[in-house]
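There are 2 protein chains.
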Amino acid sequence: MTAIQNMADAIRFLAIDAIRTAGEGHQGVPLGMAEIAATLYANHLKAAPKDPLWPDRDRVVLSNGHGSMLLYALLHLSGYDKMTLDALKSFRTLHSVCAGHPEIEQNAGIEITSGLLGQGIACAVGMAVAEERLAARFGRDLVDHRTWAFVGDGCLQEGMGQEAISLAGHLQLGRLTFLWDDNQITDDGDTALSISEDVPARFCAANWHVVSVDGHDIDAVDAAFIEAKSDPRPSLIACRTTIARGIPRLQGKRGGHSAPLTPQDADEARIARSWPHPAFHIPKDIYDDWHKAMDRGAQAQTEWSKTLATHPDQDEFNRWMTGALPANWADNLPGSRNDARATILSSGDACDILTEVLPELIVLCADLEAPTNHKRSRDSFNLTNRAGTYVHCGVREHLMGAMVSGIAAHGGLRPINVTYLAFADYERPAMRMAALMSLPAIYVFSHDSIGVGSNGPTHQPVETLASYRAMPNMRVFRPADAVETAEAWEVALETSDGPSMFALSRQDADQVRSDTSENLTRLGAYILAGKDGDRDLTLIATGTEVGLAVKARDILEPLGIRTTVVSMPCWDLFEDQPPAYQAQVLGDAPRIAIEAALKFGWERWLRPTDRFIGMTSFGASAKAPVLYDHFGINDNKIIVAAKELTGR
Amino acid sequence: MTAIQNMADAIRFLAIDAIRTAGEGHQGVPLGMAEIAATLYANHLKAAPKDPLWPDRDRVVLSNGHGSMLLYALLHLSGYDKMTLDALKSFRTLHSVCAGHPEIEQNAGIEITSGLLGQGIACAVGMAVAEERLAARFGRDLVDHRTWAFVGDGCLQEGMGQEAISLAGHLQLGRLTFLWDDNQITDDGDTALSISEDVPARFCAANWHVVSVDGHDIDAVDAAFIEAKSDPRPSLIACRTTIARGIPRLQGKRGGHSAPLTPQDADEARIARSWPHPAFHIPKDIYDDWHKAMDRGAQAQTEWSKTLATHPDQDEFNRWMTGALPANWADNLPGSRNDARATILSSGDACDILTEVLPELIVLCADLEAPTNHKRSRDSFNLTNRAGTYVHCGVREHLMGAMVSGIAAHGGLRPINVTYLAFADYERPAMRMAALMSLPAIYVFSHDSIGVGSNGPTHQPVETLASYRAMPNMRVFRPADAVETAEAWEVALETSDGPSMFALSRQDADQVRSDTSENLTRLGAYILAGKDGDRDLTLIATGTEVGLAVKARDILEPLGIRTTVVSMPCWDLFEDQPPAYQAQVLGDAPRIAIEAALKFGWERWLRPTDRFIGMTSFGASAKAPVLYDHFGINDNKIIVAAKELTGR
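The listed protein sequences correspond, in order, to chains A and B.
Mapping of the first sequence onto my numbering: residues -18 to 629, in sequence order.
Mapping of the second sequence onto my numbering: residues -18 to 629, in sequence order.
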């Protein structure tokens, strides 16, 4: 194992040198986990650095992402072309592939963005689910890989990390392994300041396989990997480590985490570790050992490619992996209908039709199967049925939100996340990560307003739409009826470069669209009723309030107030339209915007003289129609405002 | 124990009758936990319903808040004046004290708002911390109570619930008891759909005392309470229960959770439970048993009042409990200074000065002691020092966010929550609850923009300010310098009816204020430099960008562009100012707003012809000055925009 020790020290000194060059960084993880990582890559990992996007590669997640130099050093040493020595030297500078925290760039070997603690291991659970589901569909000839996650103490303290442990144990994701950097140090110092639980016992309680080792004993670590791979349960390899191992001044100490490194630190580490090489210099024989280790994966990749080339499912496999949609896939999406219907049910209708059309969809739901109604024809994904496309996530929204990112980042599947809009905040950090990573996840949220009714203000979003409209790269849809809901599904599934979310109603929504010849939701906003030219008034509404606007128009028109109704299901898409189209839709007439939510942000579409009819506070507990009247969101209020604005 | 069984059935039928009257509700919890609750109230709880705000009362939290009729029935039966029979009959209707989920109304016995799963038990951890801290200060003569939390499966699946278990075990909060409704049913059905972990073992791993009982065996439950009270560890009483027990059609079944009740259900339950009484009728002897049980608490309250009346700390105790601030408390808050200083450090300065002035402050931090710098003169609160006012919460932001609500709701302490602004999303649901409950919590967030530097976009808020400005009843402060930071502390601490949050810089902030004769932050926005009248241009900025605006003004004025700089540390407060003041501050001249965040929401203060200089996307990894230039937030950009707007 001398070779592996040298491979480990190569990681160690690349990390030291890069952090020294950057002037800052987190040495604790790369120095403490060097032996673990080197052993993984040398003897166990399946990866082909020259084909970084190989679908059957093992997925490696650095959940303790502040230790990013561990990952960059690994990727450089194992031969990812984009991870050059110059890249390492540019650590933490603008446009470098070696950012402060790993930022997704799969063709450089960076599987996901990580660093917000807990997110990485939660994504890893999603990756492991994706692997099982894909294996069930395409067989182990094509899908036969593992997920490895480097994990720090912080990830395991985070609630979402605990959710990950619980669900991964429940689903018995046996190809998922956590490598716990048990260095007994967090940012505050000794972990004993804030935790005294028996972490291995906690994993055991969740039905994980646990093996505890000295994280610097390469033989022991190697044996643990062998044991983990042979156990049918998900595995925790609890690695007792010394933070910042190799730097005499800092190792095992609080400052090991990220205290600035001095030239003396680098010198003393070289003496301590008998590493005579200058900065950024790795001897050829050590590079050779790294590259030789990668041959195992390269050969597997070659054989796998041959298998795929003659596989009867080759085309379908490639379609899933590239995310391409089949021809005419959207043809059978639900169209117009005559009856009022909750948009969450219309969304369920669309999702149900797609069960067979797009078998790559996988729906995750946080214990709200009945009220969100997106299971229907789907089978549950569980220990005995890996072909299922509906994952009962339990009441674990944050995990679920990150799992969809993990599934999307894994590739091959399109994940759909389902819960109430009031619970979106529980998974907001994960949704932000999806937006940051430009992953095509879809978040379906029901119960989107005071329309929830008497469950009351805890369950009634009022600021949630604004808070997500404010998030970059997150497309927020609030469709008005069955047609717009189906259109939103179509647009969201065609979107490959970022997430979409739907805010849907629990209560019935009037059907406002009959013409389905064109997907108008794609425009973000459009004239639903009335003219774009001669008009006295424009009503702009979203979601269930579009029906209200249409009703108001039916009253206003006979009064001689020429009223145009604009449905605006997606601000983001409307902002992308040419100014001329925006002007045509919005017109010059006085405007009233109607949305059962707070005004915040609506100033974007309203002039100071325009009006907003919506919420001004949190909601309340009563039946939905009572609340709409109580908060003054009804046709009477619209009529009064319309008369005032138009002087009629 | 026959009396307690009747007391339990009284809960059961009040719940059935109220849910039947409302037409909807969640019968699973009140029917399944009736024996547990009745036993608690009959033999163990310390409460005085006629003095619901008695400081030394036990705190009862219904974390599974959907089972709200359990709480309302308990409070009615035990004699809280506001919880009349008519109130129960108005369950789930507008303005009823019996809302769909419990909404804080402490003079009716409702300690906190609950129902978003996990929030209640996390608040309970905060309450238990508050009790220990107050007991350390005022002694067990005045502070000697317990916290009891009813807990469902969902609360324990939520990550924040797991965080609560971990930290409560670490801090050994021995007066905290969770009553787990182990009914093996969640909304989706059998809990086995989504969890297979050994829940008691998970608690044991975190050093809890665990006792498992049949939740309908009153003797066993009673013995478990006795055991829990005598054990120094926090206790889990794992109560194996039958959901909706008493309704033959639904008990033990998925529909027991909240399926609509029929008249037959109510009739069959009366037969099954031998309960011959009509709807909402409780026999006098059962009421008498309830009221007799409450005598224990009433006597304790009487004795306690006598103790307080002669206690040397009476005045100080009352001051803490009423939240009154001592005279001249703010006199020594830091004033102006000459050097640039990160506002997170200035906040630490203020917090440090208050350690002695306001000993009722308690600071919670999520493993960022060093970079947020708010510990200083504070001692750690831990197992051996309950007088400490700094709680190392570990990397458990969501728990921390709810703990501050629990502490505030408990009364007697003023909680301060400290972490990075990028992690605010992790605790957003808890912050929303604080806003909804109008609790005076203070959230101190550092690292508030791209000024974070090379830790990169995961750690750089860009949409976070907007997302919280959108939240009702949450005051968002982004102070410019040391003076505004101290002013924000002053305003936040004087605010008793809602939470405040501070967005503070990691990087140095220019000192822009020297005149400290008036707290100008209280106005929300004010003219920092230049005139309110004759001006060619108004620069509006917040936080670290105020210094940038001042620099730009120094360049623009010599060019003949009369420039007024408006500092706008708190939108919410500015919105409360009279329109005339707003107009005076904002002026008619062209405006440029400058904030290192997204524009979303700024349309509130900008006209279509005005400009915004800020972010348009997520951030990036590089040093802060590089990023400011890269994203075009610098004086040069301001100058160019100013010239364009003014035509100079």
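The beta-carbon is built from N, C-alpha and C at its ideal position, and this holds for glycine as well.
- Message: Quick check: the Cα distance between tryptophan 310 of chain A and threonine 65 of chain A, rounded to an integer number of angstroms?
- Response: 42 angstroms
- Message: Just to check my reading of the structure: alanine 117 of chain B and alanine 308 of chain B have Cβ atoms closer than 8 angstroms, yes? What is that Cβ distance to the nearest angstrom?
- Response: So it is not a contact: roughly 25 angstroms between Cβ atoms.
- What in chain A is Cβ-close to leucine 51 of chain B, meaning under 8 angstroms? Listed along chain A is no residue with a C-beta nearer than 8 angstroms to that of leucine 51 of chain B; the closest approach is about 16 angstroms.
- Task: Look at the alpha carbon of alanine -11 of chain B and the alpha carbon of proline 181 of chain B, and state the distance between them as a whole number of angstroms.
- Result: 26 angstroms
- Item | Cα-Cα separation between threonine 590 of chain A and serine 361 of chain B, rounded to whole angstroms | 54 angstroms
- Query: How many Å lie between glutamate 144 of chain B and threonine 94 of chain B at the Cα?
  - Reply: 20 angstroms
- Item | Simplified DSSP state of methionine 64 of chain A, which is helix, strand or coil | coil
- Item | Reduced DSSP category for glycine 387 of chain A - H, G, I as helix; E, B as strand; rest coil | helix
- Task: Below 6 angstroms CB to CB, which residues in the same chain sit around glutamate 113 of chain B once its five sequence neighbours on both sides are set aside?
- Result: Sequence-distant partners of glutamate 113 of chain B (beyond 5 residues in either direction) whose C-beta falls short of 6 angstroms from its own C-beta, in its chain, are Arg367.
- What residues in its chain sit with their C-beta under 8 angstroms from that of alanine 403 of chain B, if we drop five residues either side in the sequence? His428, Val433, Thr439, His440, Gln441, Pro442, Thr445
- Check the Cβ-Cβ distances between aspartate 557 of chain A and every residue of chain B, and say whether any is below 8 angstroms. no
- Item | Boundaries of the beta strand (DSSP E) in which tryptophan 129 of chain B is found, first to last residue | 128 to 132
- Which residue comes first and which comes last in the alpha helix (DSSP H) that contains tyrosine 53 of chain A? 49 to 58
- Item | Span separating the alpha-carbon of valine 192 of chain A from that of alanine 205 of chain A | So the two alpha carbons sit approximately 6 angstroms from each other.
- Taking C-beta to C-beta, are aspartate 250 of chain A and isoleucine 228 of chain A nearer than 8 angstroms? A small correction: the amino acid at residue 250 of chain A is alanine; aspartate does not occupy that position in the sequence shown. In contact: alanine 250 of chain A and isoleucine 228 of chain A (Cβ atoms closer than 8 angstroms).
- Task: Examine chain A for any beta-carbon lying closer than 8 angstroms to the beta-carbon of methionine 549 of chain B, and answer yes or no.
- Result: Interface flag for methionine 549 of chain B against chain A is unset, since no Cβ pair is found closer than 8 angstroms.
- May I ask you to report which of helix, strand or coil DSSP gives phenylalanine 298 of chain B? Helix, per DSSP.
- Message: Can you tell me whether valine 372 of chain A is helix, strand or coil according to DSSP?
- Response: strand
- Quick one: which residues of the segment 148 to 168 of chain B get their C-beta closer than 8 angstroms to a C-beta of chain A? List them in chain order. Leu148, Gly150, His151, Thr167, Asp168
- CB-CB length for histidine 379 of chain A against glycine 140 of chain B, believed under 8 angstroms: So it is a contact: roughly 5 angstroms between Cβ atoms.
- Query: Cβ of methionine 108 of chain B less than 8 angstroms from any chain A Cβ?
  - Reply: no
- Message: Can you check whether the C-beta of glutamine 280 of chain B is within less than 8 angstroms of a C-beta belonging to chain A?
- Response: Not an interface residue.
- What residues match up with threonine 544 of chain B in a beta bridge as DSSP calls it? B:Leu518
- Do the CB positions of glycine 437 of chain B and alanine 290 of chain A come within less than 8 angstroms of each other? no
- Message: Using 8 angstroms as the threshold, is the C-beta distance between isoleucine -3 of chain B and alanine 18 of chain B below it?
- Response: Between isoleucine -3 of chain B and alanine 18 of chain B, the gap from beta carbon to beta carbon reaches 8 angstroms or more.
- Could you tell me which residues DSSP pairs with proline 697 of chain B in its beta bridges? In the structure displayed, chain B extends from -18 to 629; residue 697 of chain B sits before or after that span and is not available.
- Message: Closest to leucine 518 of chain B by C-alpha separation, out of B:Leu34, B:Pro480, B:Ala530, B:Arg357, would be which residue?
- Response: Leucine 518 of chain B has its Cα closest to that of B:Ala530, out of B:Leu34, B:Pro480, B:Ala530, B:Arg357.
- Query: From arginine 235 of chain B to histidine 355 of chain A, what distance separates their C-alpha atoms?
  - Reply: 18 angstroms
- C-alpha gap between threonine 370 of chain B and glycine 393 of chain B, whole angstroms: 13 angstroms
- Which residues in chain B sit within 8 angstroms of leucine 115 of chain A, going by Cβ to Cβ distance? Those within 8 angstroms of leucine 115 of chain A in chain B number zero; the least Cβ separation is about 22 angstroms.
- Item | Residue from B:Phe72, B:Leu217, B:Val399, B:Thr2 whose Cα sits closest to the Cα of phenylalanine 131 of chain B | B:Leu217
- Message: Rounded to the nearest angstrom, what separates alanine 351 of chain B and threonine 167 of chain A at their Cα positions?
- Response: 11 angstroms
- Query: Quick one, are the C-beta atoms of valine 106 of chain A and glycine 387 of chain A less than 8 angstroms apart?
  - Reply: Yes, the Cβ-Cβ distance between valine 106 of chain A and glycine 387 of chain A is below 8 angstroms.
- Item | Residues that threonine 2 of chain B contacts on chain A, provided the C-beta gap is smaller than 9 angstroms | For threonine 2 of chain B, no chain A residue has a Cβ inside 9 angstroms of its Cβ, as the nearest lies near 12 angstroms away.
- Message: Could you check whether the segment 493 to 501 of chain B touches the segment 568 to 579 of chain B, counting it as contact only if at least three pairs of C-beta atoms, one from each stretch, sit closer than 8 angstroms?
- Response: Remark: fewer than three beta-carbon pairs, one from each stretch, lie closer than 8 angstroms, so the segment 493 to 501 of chain B and the segment 568 to 579 of chain B are not flagged as touching.
- Name, please, each residue of chain B whose Cβ falls closer than 8 angstroms to the Cβ of threonine 627 of chain A. Within 8 angstroms Cβ-Cβ: nothing; threonine 627 of chain A doesn't reach chain B, min ~22 angstroms.
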